[in-house]
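Structure first, then comments.
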Amino acid sequence: VNRKLDGTGITSLHSSAYAGGLDINHRFAKNEYSFMGHLAFSHVMGDTTAIQRTQKHPSRYFQRTDADHLSYDPARESLSGYSAKAIFLKNRGHFRGGSGVIVTSPGFEVNDLGYYRSVDDIMSFLWLQYQDWEPGSVYKEIFVNHNMWINYDYSGTRKEFGGNVNYYGVFLNNWSHGLGINLSAYGVSPYFNRGGPALRTPSNWNVWTSFESDERKKVIWGIFGYYFKNKDNVTGFEIGQELTYRPLNNFHVSAEVSFNVLDDTWSWIGKAEADGLETQYIWADMYQETLNLTFRADWTLTPKLSLQYYAQPFITAGDYSNYKRVDHPMAKDFDERFEDINDRIIFDEEDEKFNLDLDYDGSSEYTFDGQTDFNYKQFRSNFVLRWEYSSGSTFYLVWSQGFTDYRSLGNFEFSRDVRDLFGAPGVNVVMVKMSHMFKI
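Numbering-wise (my numbering), the sequence shown opens with residue 238 and increments by one.
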């Protein structure tokens, strides 16, 4: 990518961005084994403002004072990096698996050309699987997996270490079941404090399961759920079910509904900054409830004429309480890592800002923006008519509809929230597209 930015006043974009690399995908031993790898590089250039922005991007945070392996240079006008991958796999037989390493240097940047989320990362993993596709006394087929992974940054700090065991099986009556459990040790997040010091993350575990009825039938029913808990007493769960009705081969409707609860003991609020004072990283308890519904319908009237409909209402509400600041970010104990400041922080509803009196002198040293109680609702739908009016020539009619409602309420109330959602101003967009194949 090369941009001509001279005289435009645009300083936030790179003037040039280059990326290149080599991919390898080799199968051998009659396709039983394979090796996958890549080696890539990137180089971006631009005004110092653009490179400052890249250095401070949430994927790297070069400005962190506790990251000795990173160097933030406000005068820098370029940034380079690399990424490499090596994965070995066994692809056939009852026992399968793979192991590999993926490394991404802190300076790797390809977001001008595509999308890459995590850099400054060295990740290795192991995957083992047993599968049996021969019907037995209980299952028609079964898959059992074991996964392990570990991530470090380029200073050698362990960011994450975890593993899981899971299985999926199809019974003789064609019902299916899945079950898994995940365990993760403590880690360190360089991102959670949004440019501040790295923060210790607690060990955690979660379990998930699902059931689904015979997918060959006209009516297919399924249920799923998970539960999560960590050492900082954060808990969460989700339950949901899905239903598909297929009365005809050319027509089916499906609906999926889920309800999610998160009881968090440290949810991000914001950064409190003031001239001459140390930046404070503010967190709080949060109780959040989320309801999500997805509806789909597909009707093929003729081989050349079909109708499709998709709709998704979504409601979530979060209530914040018990505010705290980061005190000792790498402390093992929660009460040492965070200091309670609930009696020293006030939200000014008129100015919509937080005021923090950290030294109890009756005067706020910090005034800052931050997350507040929320009640957010959204509805999105799409209706699509597709007509192939001539061989290779197609007509599309699309109707998109959307409603959004936001209020500074922390509680979830189904009837009120549904009424507010569909009473909100909506956006309707109708689009027509036609393609025609000319015979020459």
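All C-beta atoms, glycine included, are put in the ideal place defined by N, C-alpha and C. None of these values were measured; they are calculated from a predicted model.
Residues sharing a beta bridge with residue i, DSSP
i      : result
Trp458 : Leu480
Tyr270 : Phe265, Lys327
Ala300 : The sequence shown places Gln at residue 300, not Ala. In the DSSP output, where bridge partners are listed per residue, Gln300 has none listed.
Met282 : Ser253, Ser315
Phe584 : Phe591
Lys293 : The partner list for Lys293 (beta bridge, DSSP) is empty, contrary to what the question assumes.
Tyr423 : According to DSSP, Tyr423 bridges with nothing at all.
Tyr603 : Leu593
C-alpha gap between residue i and residue j, whole angstroms
i      : j      : result
Gln575 : Leu436 : It should be noted that the sequence gives Phe, not Gln, for residue 575. Roughly 10 angstroms between the two C-alpha positions.
Ala511 : Thr604 : 8 angstroms
Val375 : Ser495 : 30 angstroms
Trp691 : Lys569 : Because residue 691 is not part of the residues shown, which for the chain are 238 to 677, the question remains open.
Val338 : Ile379 : 28 angstroms
Leu409 : Arg453 : 13 angstroms
His489 : Asp522 : 43 angstroms
Trp412 : Arg313 : 60 angstroms
Glu589 : Ser645 : 11 angstroms
Leu528 : Ser504 : 20 angstroms
Arg581 : Ile261 : 57 angstroms
Gly543 : Tyr404 : According to the sequence provided, residue 543 is Ser. The question's Gly does not apply to it. Distance between the alpha carbons of Ser543 and Tyr404: 37 angstroms.
Glu449 : Leu538 : 28 angstroms
Arg297 : Tyr428 : 8 angstroms
Thr631 : Phe640 : 30 angstroms
Ser421 : Asp572 : 21 angstroms
Asn268 : Lys322 : 20 angstroms
Val407 : Lys377 : 6 angstroms
Asn486 : Thr291 : 52 angstroms
Gln368 : Tyr524 : 40 angstroms
Phe532 : Ser600 : 53 angstroms
Pro540 : Met671 : 18 angstroms
Residue i vs residue j beta-carbon contact at 8 angstroms
i      : j      : result
Ser279 : Glu371 : no
Ser317 : Gly344 : yes
Asp606 : Gly477 : no
Thr394 : Val356 : no
Ala287 : Thr245 : no
Thr502 : Asp469 : yes
Asn612 : Ala554 : yes
Asn648 : Val635 : no
Pro434 : Arg301 : yes
Glu475 : Ala492 : no
Gly283 : His306 : no
Val281 : Ser315 : yes
Phe398 : Phe325 : no
Tyr518 : Val471 : no
Leu259 : Leu242 : no
Gly660 : Gln638 : no
Beta-carbon separation (whole angstroms), residue i vs residue j, contact threshold 8 angstroms
i      : j      : result
Glu602 : Leu593 : 7 angstroms
Val456 : Tyr482 : 6 angstroms
Thr446 : Phe465 : Rounded, the Cβ-Cβ distance is 13 angstroms, inconsistent with contact.
CB contact check: residue i to chain D, cutoff 8 angstroms
i      : result
Gln517 : Of the protein chains in this structure there is only one, and it is not chain D.
Closer than 7 angstroms: residue i CB and nearest the ligand NAP heavy atom
i      : result
Leu363 : Within the structure as shown, the ligand NAP is missing, as the structure has no ligands at all.
* Any beta strand (DSSP E) of 3 or more consecutive residues that is wholly inside the segment 622-668 -> 630-644, all fully within the segment 622-668.
* Which runs of the beta strand (DSSP E) spanning at least 3 residues fall entirely within the segment 366-419, listed in chain order? -> As summarised for the segment 366-419, the continuous beta strand (DSSP E) elements at least 3 residues long and confined to that stretch are 376-389, 395-408, given in chain order.
* Asked: Which residue spans inside the segment 472-517 form an unbroken beta strand (DSSP E) run of at least 3?
  -> The segment 472-517 contains these whole beta strand (DSSP E) runs: 472-485, 488-509.
* **Every unbroken beta strand (DSSP E) within the segment 329-361, with a cutoff of 3 residues, ordered by chain** => For the segment 329-361, whole beta strand (DSSP E) runs of length 3 or above, ordered along the chain, are 332-341.
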